[in-house]
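Undergrad: Numbered by the numbering used here, the letters in the sequence shown go through residues 15 to 352 in order.
Every residue gets a Cβ at the ideal spot worked out from N, C-alpha and C, and that includes glycine.
This structure is a prediction, so every number in the text was calculated from the model and none was measured.
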Amino acid sequence: MVAALDDSEALRQAEAMKPKLYLVYLQWVCSALPPPYEKQILIPSEELALPFPEQPWYRFEIEPIAASLRQEDKARGISVDMCIPIFPNTSHPNGREPVKPQPEGLFPYDNCYHWFAAKTVDVRIRARPEGFNETNAASLDVRSEMQIMHYWNEDGPRLRTNKQNSETESDTMALVTRSSREVDVASTTGYGTPMGIGGADVSKPHHREQQDTVGPGDTELVSASSEVAPIQDNQSAHSLDDIDAIDIFSGPNEDTDLVPLVDLWISELSDYLKQEDIPSPLEMFDEFNEIAQVVRQARIRSYAALTAPALDMSNADTHSVSDDIVIEKRRLSEHISH
Numbered sequence: 015m016v017a018a019l020d021d022s023e024a025l026r027q028a029e030a031m032k033p034k035l036y037l038v039y040l041q042w043v044c045s046a047l048p049p050p051y052e053k054q055i056l057i058p059s060e061e062l063a064l065p066f067p068e069q070p071w072y073r074f075e076i077e078p079i080a081a082s083l084r085q086e087d088k089a090r091g092i093s094v095d096m097c098i099p100i101f102p103n104t105s106h107p108n109g110r111e112p113v114k115p116q117p118e119g120l121f122p123y124d125n126c127y128h129w130f131a132a133k134t135v136d137v138r139i140r141a142r143p144e145g146f147n148e149t150n151a152a153s154l155d156v157r158s159e160m161q162i163m164h165y166w167n168e169d170g171p172r173l174r175t176n177k178q179n180s181e182t183e184s185d186t187m188a189l190v191t192r193s194s195r196e197v198d199v200a201s202t203t204g205y206g207t208p209m210g211i212g213g214a215d216v217s218k219p220h221h222r223e224q225q226d227t228v229g230p231g232d233t234e235l236v237s238a239s240s241e242v243a244p245i246q247d248n249q250s251a252h253s254l255d256d257i258d259a260i261d262i263f264s265g266p267n268e269d270t271d272l273v274p275l276v277d278l279w280i281s282e283l284s285d286y287l288k289q290e291d292i293p294s295p296l297e298m299f300d301e302f303n304e305i306a307q308v309v310r311q312a313r314i315r316s317y318a319a320l321t322a323p324a325l326d327m328s329n330a331d332t333h334s335v336s337d338d339i340v341i342e343k344r345r346l347s348e349h350i351s352h
């Protein structure tokens, strides 16, 4: 992913990373094909028989699969029950029915969930000369897709309500704290009734309603690994805000250097990724963010290297002209004095 940048520092940073395998739900990103032709499979990082044999990579959209309940984030309105178990896992705080990968029994993990409002990311799946083995790939049928949509339609309004309630609590706390400070100032300066309590115009901040994407996860459960040599980005800021900052991975084709390059396995998932080793989705975003930063820094160095000679030449030319002017002034002065 960074080899083509011809930057030794970027290559060193990429080789120092330790890519992990991630379980993901995979969707082929191709606007040219209508929905009936979209491939939907549950897999770990191996292939789909895509109709572009000469292409070095294929672009997909992935949604990470978690091995735990949804992580609570009050600021975003997310609660632990905003998830859907994946059969054979049947555990859920509200008893939600699990989605059932098909064919039955092929999905090997019993602790996995789809997370509501988990960001999806575009990736480039590296092609293989031998193709990809789909023999034992697990997929979700139409019923499961509709089931996911139904639960997400329940979670969307709840998320907005929770978020608004959280913001209201924050506003109240901010007002109480501000009023307390103003009381203290008034008592120590002798200014009578504090403005914050008596008649201050304390406006509530504008509440921007978060629009979380709600819809079925029409993709595949797969295990994907970032490019082994040059890949990854670990900003260890394991928070849901970091996920929001990864929109660059859905960027245009013109900037594919920032789209993570991964290897994919579809069949026999447990041969590549053990249940106890399934990482958090947040780790995947950290990793992708880190490699993107490596690419950005390499670009900055490349630009600086290209512009430095031009600046040096400009400075040299400026000094040369100045020196010539000084010399000519001296000669003119000497001529006049004589």
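For residue 279 and residue 321, what's the separation of their Cα atoms in angstroms?
TA: The residue labelled residue 279 in the question sits at position 265 within the sequence shown. The residue labelled residue 321 in the question sits at position 307 within the sequence shown. Between residue 279 and residue 321, the C-alpha separation is close to 43 Å.
Undergrad: Should residue 77 and residue 38 be called a contact, given that it needs their Cβ atoms to be closer than 8 Å?
TA: The residue you call residue 77 lines up with position 63 of the sequence shown. The residue you call residue 38 lines up with position 24 of the sequence shown. Yes, these two residues count as a Cβ contact at 8 Å.
Undergrad: Could you tell me how far apart the beta carbons of residue 103 and residue 124 are, in whole angstroms, since I believe they sit closer than 8 Å?
TA: Counting from one through the sequence shown, the residue named residue 103 turns up at place 89. Counting from one through the sequence shown, the residue named residue 124 turns up at place 110. Between residue 124 and residue 103 the Cβ distance is about 5 Å, and since that is below 8 Å, they are a contact.
Undergrad: Of all the options 27, 40 and 91, which has the alpha carbon lying nearest to the alpha carbon of residue 276?
TA: For the purposes of this step, residue 276 is identified with residue 262 of the sequence shown, where counting begins at 1. For residue 276, the nearest C-alpha among the options comes from 40.
Undergrad: For residue 295, which of helix, strand or coil comes out of DSSP?
TA: Counting from one through the sequence shown, the residue named residue 295 turns up at place 281. The answer is helix: DSSP assigns residue 295 an H, G or I state.
Undergrad: Which word fits residue 70, buried or exposed, when buried means at least 16 other C-beta atoms lie within 10 angstroms of its C-beta?
TA: Working through the sequence shown from its first residue, we reach residue 70 at position 56. Flag for residue 70 reads exposed.
Undergrad: Grab the span of the beta strand (DSSP E) containing residue 77 for me, first residue to last.
TA: By 1-based counting over the sequence shown, the position of residue 77 is 63. Its beta strand (DSSP E) spans residues 71-78.
Undergrad: Are there three or more Cβ pairs, one per stretch, closer than 8 Å when the segment 305-314 is compared with the segment 19-27?
TA: yes
Undergrad: Between the Cα of residue 269 and those of 73, 68 and 20, spot the shortest distance and give me the residue it belongs to.
TA: Position 255 of the sequence shown, counted from the start, is the residue given in the question as residue 269. Ranking the options by Cα distance to residue 269, first place goes to 73.
Undergrad: Take the Cβ of residue 128 as the centre, count every other Cβ of all protein chains shown within 10 Å, and call the residue buried at 16 or more, exposed below.
TA: On the sequence shown, residue 128 is found 114 positions in, with the first residue counted as 1. Classification of residue 128: buried, given that the 10 Å Cβ count is 16 or more.
Undergrad: Report yes if the C-beta distance between residue 138 and residue 274 is below 8 Å; otherwise report no.
TA: As a working note, residue 138 is residue 124 in the sequence shown. As a working note, residue 274 is residue 260 in the sequence shown. The answer is yes: Cβ separation under 8 Å.
Undergrad: Please classify residue 156 as buried or exposed, where buried requires at least 16 neighbouring CB atoms within 10 angstroms.
TA: By one-based count along the sequence shown, residue 156 stands at place 142. Within a 10 Å sphere around the beta-carbon of residue 156 sit fewer than 16 other beta-carbons, which makes this residue exposed.
Undergrad: Mark residue 36 as exposed unless 16 or more other C-beta atoms lie within 10 angstroms of its C-beta, in which case mark it buried.
TA: Translated into the one-based positions of the sequence shown, residue 36 becomes position 22. Buried: at least 16 other Cβ atoms inside 10 Å.
Undergrad: Given this structure, state the Cα-to-Cα distance separating residue 134 from residue 75, to the nearest angstrom.
TA: As a position in the sequence shown, residue 134 is number 120, starting the count at 1. As a position in the sequence shown, residue 75 is number 61, starting the count at 1. If you take the alpha carbons of residue 134 and residue 75, they lie about 6 Å apart.
Undergrad: Can you check whether the CB of residue 131 is closer than 8 Å to the CB of residue 83?
TA: Here residue 83 is taken as the residue at index 69 of the sequence shown, counted from 1. Here residue 131 is taken as the residue at index 117 of the sequence shown, counted from 1. The answer is no: Cβ separation not under 8 Å.
Undergrad: Note down, in chain order, each residue of its chain lying with its Cβ closer than 8 Å to the Cβ of residue 149, except the 5 sequence neighbours on either side.
TA: Translated into positions along the sequence shown, residue 149 becomes position 135. So the list reads 281, once near-sequence residues are dropped.
Undergrad: Could you tell me the alpha carbon to alpha carbon distance between residue 308 and residue 80, rounded to whole angstroms?
TA: Locating residue 308 in the sequence shown gives position 294, where the first residue counts as 1. Locating residue 80 in the sequence shown gives position 66, where the first residue counts as 1. Between residue 308 and residue 80, the C-alpha separation is close to 26 Å.
Undergrad: Return the CA-CA distance between residue 229 and residue 98, expressed in angstroms with no decimal places.
TA: Counted from its first residue, the sequence shown places residue 229 at position 215. Counted from its first residue, the sequence shown places residue 98 at position 84. Any reading at residue 229 must be qualified, since the residue scores a pLDDT of 38, below 50, and its modelled position is unreliable; the value itself is stated next. C-alpha separation (whole angstroms): 13 Å.
Undergrad: Taking only three categories from DSSP, how would you classify residue 171?
TA: Stepping through the sequence shown from its first residue, residue 171 is reached at position 157. Here residue 171 sits in helix by DSSP.
Undergrad: Would you mind working out which of 283, 177 and 107 sits nearest residue 147, comparing C-alpha positions?
TA: By 1-based counting over the sequence shown, the position of residue 147 is 133. With respect to the C-alpha of residue 147, the residue from 283, 177 and 107 having the closest C-alpha is 283.
Undergrad: So is residue 171 buried or exposed if we call it buried at 16+ other beta carbons inside 10 Å?
TA: The count along the sequence shown starts at 1 and reaches residue 171 at position 157. Label assigned to residue 171: exposed.
Undergrad: With DSSP collapsed to three states, give me the class of residue 162.
TA: To locate residue 162, count along the sequence shown from 1; it is residue 148. Residue state, collapsed to three classes: helix.
Undergrad: Thinking C-alpha only, which one of 145, 165, 160 and 116 is nearest residue 151?
TA: Taking the first residue of the sequence shown as position 1, residue 151 is located at position 137. Comparing Cα-Cα distances from residue 151 to each of 145, 165, 160 and 116, the minimum goes to 116.
Undergrad: Roughly how many angstroms lie between the CA atoms of residue 166 and residue 153, to the nearest whole one?
TA: For this step, residue 166 is matched to residue 152 along the sequence shown. For this step, residue 153 is matched to residue 139 along the sequence shown. Approximately 19 Å, taken between the alpha carbons.
Undergrad: With distances taken from CA atoms, which of 286, 68 and 119 is nearest residue 143?
TA: Translated into the one-based positions of the sequence shown, residue 143 becomes position 129. Taking only the C-alpha atoms, the option nearest residue 143 is 68.
Undergrad: Since residue 92 sits in a beta bridge, which residues does DSSP pair it with?
TA: For the purposes of this step, residue 92 is taken as residue 78 along the sequence shown, with counting starting at 1. The partner list for residue 92 (beta bridge, DSSP) reads 87.
Undergrad: Thinking just about the alpha-carbon of each residue, which of 118, 316 and 304 is nearest to the one in residue 2?
TA: In this structure the chain extends from 15 to 352, so residue 2 is not present and cannot be described.
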